[in-house]
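Colleague: Numbering (our numbering), first residue to last: 3 to 395.
My structure is below; once you've seen it, I'll send some questions.
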């Protein structure tokens with residue numbers, strides 16, 4: 003919501019939070035009730051300042067999201083009301099960015115360290131992370147891919163292993179593929195239960211070539227392979243993928259597959275070695291961890307946005323960089339798409355429908371495939387098409 007607003011209410015936001023010179027902060031509890039109420043987190047004073055809350059899950063669009071006012075749901079009063087909420091969201095986002103920048107700068111002044119590790123749910127704020135990487139003083143920035151509450155389990159395990167048991171640190175997390183995987187027998191059984199026919203290949207080049215042919219034909223595909231991702235981002239093992247070049251693909255994936263508003267943004271995935279052709283100020287951070295895990299927003303370079311219109315969100319993108327050794331099939335599909343089009347970038351979004359978690363089991367994947375307009379599902383070498391007319395079964 004915040005990208006479609008203007009940060010016109012920052013002064014009001016600073017009435018409810020006081021940020022000290024050392025970046026420590028205190029909430030003005032006159033505005034909140036979460037510490038004593040089980041029904042609402044904010045009180046009358048908060049409503050007097052910001053207005054009545056937006057109805058949860060109500061339709062959202064603004065004059066910015068639909069500048070031509072040609073959407074069938076268009077209503078001027080609704081658009082203006084949503085603009086009001088978008089401006090509040092934008093103001094909160096800006097205050098968050100300023101506070102985070104102030105916090106990391108203070109940490110640098112106190113320690114002199116050029117290495118920054120971030121954790122906690124706010125460390126998933128990719129816009130703020132991008133600013134820290136561009137404007138902060140750090141040479142290395144690391145954000146664990148499940149930086150929110152789920153990461154607490156990993157932190158507890160590592161603390162017990164290294165601190166309580168005294169085991170040396172030898173492991174480096176180079177990828178986020180740490181979830182459960184499923185066998186070919188389990189996948190075949192699930193395909194049979196859904197009544198689909200399939201083709202099978204274990205040839206990476208052949209599979210990648212089929213994927214690219216589909217996407218060049220304006221089809222939307224899903225890639226389901228190996229162990230699912232640790233963290234909230236789909237990074238090529240539970241992903242929906244499409245051609246990023248034309249603006250129409252954003253609407254197609256939003257409306258026919260994700261079943262959500264047509265203006266919602268999508269993330270680009272790019273070959274790591276070619277990321278700086280499309281996004282600026284990456285510097286040494288282009289090969290650092292936040293971009294591997296889709297945890298930082300980068301600004302699109304002038305003159306290239308028209309090449310990636312489906313993933314160029316207000317002149318920026320929450321990019322994912324990928325190397326061949328991390329994910330050979332994912333990498334090869336992007337590489338072949340780049341060879342065919344000159345654009346080594348694909349649209350990547352999580353393999354799920356609106357309001358549902360990312361798919362985990364083969365049955366989850368086939369259910370989402372069946373209920374949406376995804377054209378082809380690639381499942382660990384099994385190729386499943388909607389018409390069900392190919393292969394064996």
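Just so it is clear, CB atoms sit at the ideal spot from N, CA and C, and this is done for glycine as well.
If you're wondering where the values come from, they're calculated on a predicted model, not measured in any experiment.
With a threshold of 7 Å on Cβ separation, who are the neighbours of residue 392 within its own chain once the five nearest residues in sequence on each side are excluded?
Modeller: Confidence at residue 392 is low in this model, with a pLDDT of 41, below 50, so its placement is unreliable and the value that follows should be read with caution. The residues are 199 and 201.
Colleague: What is the rounded straight-line gap between the Cα of residue 48 and the Cα of residue 15?
Modeller: 10 Å
Colleague: Can you have a look at residue 285 and say buried or exposed, based on whether 16 or more other CB atoms are within 10 angstroms of its CB?
Modeller: exposed
Colleague: Considering only the alpha carbon of each residue, which of 309, 316 and 305 lies closest to residue 299?
Modeller: 316
Colleague: Could you please give me the residues that DSSP links to residue 202 through a beta bridge?
Modeller: 384
Colleague: What runs of the beta strand (DSSP E), each 3 residues or longer, lie entirely inside the segment 303-365?
Modeller: If only complete runs of 3 or more residues are kept, the segment 303-365 shows the beta strand (DSSP E) at 318-320, 322-324 and 347-352, in order along the chain.
Colleague: Report the partner residues of residue 281 according to the DSSP bridge assignment.
Modeller: 302
Colleague: Output the residue ranges of the alpha helix (DSSP H) runs that lie fully inside the segment 110-186 and measure 4 residues or longer, sorted by chain position.
Modeller: 128-137 and 153-160
Colleague: Is the distance from the Cβ of residue 98 to the Cβ of residue 61 below 8 Å?
Modeller: no
Colleague: Consult DSSP for residue 391 and reduce its assignment to one of helix, strand or coil.
Modeller: With a pLDDT of only 46 at residue 391, under 50, the local geometry of the prediction cannot be trusted, and no value is derived from it.
Colleague: Under 8 Å, with one C-beta from each stretch per pair, do the segment 33-51 and the segment 226-242 reach the 3-pair mark?
Modeller: No, the segment 33-51 is not in contact with the segment 226-242.
Colleague: Among 160, 167 and 181, whose alpha-carbon lies nearest the alpha-carbon of residue 173?
Modeller: 160
Colleague: Residues bridged to residue 270 by DSSP?
Modeller: 349
Colleague: Where do the N-terminal and C-terminal ends of the beta strand (DSSP E) with residue 226 fall, by residue?
Modeller: 223-226
Colleague: Indicate the three-state DSSP secondary structure (helix, strand or coil) for residue 296 in the structure shown.
Modeller: For residue 296, the secondary structure class from DSSP, reduced to helix, strand or coil, is coil.
Colleague: Residue 253 lies in the alpha helix (DSSP H); which residues open and close that run?
Modeller: 250-254
Colleague: Taking residue 113 as the reference, which of 91, 321 and 139 has the closest Cα?
Modeller: Restricting attention to 91, 321 and 139, the CA atom closest to the CA of residue 113 is found in 139.
Colleague: With residue 51 as the anchor, note down where its alpha helix (DSSP H) starts and where it stops.
Modeller: 46-52
Colleague: Could you give the C-beta distance for residue 259 and residue 380, rounded to a whole number, given that I count them as a contact under 8 Å?
Modeller: Rounded, the Cβ-Cβ distance is 15 Å, inconsistent with contact.
Colleague: Which partner residues of residue 21 appear in the DSSP bridge assignment?
Modeller: 27
Colleague: What is the DSSP secondary structure of residue 60, reduced to helix, strand or coil?
Modeller: coil
Colleague: What are the boundary residues of the beta strand (DSSP E) that includes residue 376?
Modeller: Counting along the chain, residue 376 falls outside any beta strand (DSSP E), and DSSP gives it neither H nor E.
Colleague: Please classify residue 142 as buried or exposed, where buried requires at least 16 other C-beta atoms within 10 Å of its C-beta.
Modeller: exposed
Colleague: Do residue 280 and residue 252 come within 8 Å of each other at the CB atom, strictly closer than that value?
Modeller: no
Colleague: Tell me whether the segment 318-325 and the segment 203-214 touch, counting them as touching only if at least three CB pairs, one residue from each stretch, are closer than 8 Å.
Modeller: As far as the Cβ criterion goes, the segment 318-325 does not touch the segment 203-214, which means the pair count is below three.
Colleague: If you draw a straight line from the alpha carbon of residue 109 to that of residue 33, how long is it in whole angstroms?
Modeller: 29 Å
Colleague: Residues bridged to residue 241 by DSSP?
Modeller: 225 and 352
Colleague: Could you compute how far the alpha carbon of residue 395 sits from the alpha carbon of residue 158?
Modeller: With a pLDDT of 44 at residue 395, under the threshold of 50, the predicted position of this residue should be treated as unreliable, though the coordinate-derived value follows. Roughly 45 Å between the two C-alpha positions.
Colleague: To the nearest angstrom, how far is it from the Cα of residue 297 to the Cα of residue 146?
Modeller: 9 Å
Colleague: Measuring only the C-alpha atoms, how far is residue 338 from residue 349?
Modeller: 14 Å
Colleague: Less than 7 Å between the CB of residue 373 and some heavy atom of the ligand ZN, yes or no?
Modeller: The ligand ZN is absent from the structure shown, which contains no ligand whatsoever.
Colleague: Measure the Cβ-Cβ separation of residue 411 and residue 180 and say whether it is below 8 Å.
Modeller: Nothing in the structure corresponds to residue 411, since the chain is present only between 3 and 395.
Colleague: Using DSSP bridges, identify the partner residues of residue 231.
Modeller: The secondary-structure analysis by DSSP pairs residue 231 across a beta bridge with 179.
Colleague: Are the segment 306-316 and the segment 324-335 touching by the rule of at least three beta carbon pairs closer than 8 Å?
Modeller: no
Colleague: Per DSSP, residue 34 is paired with what?
Modeller: 44
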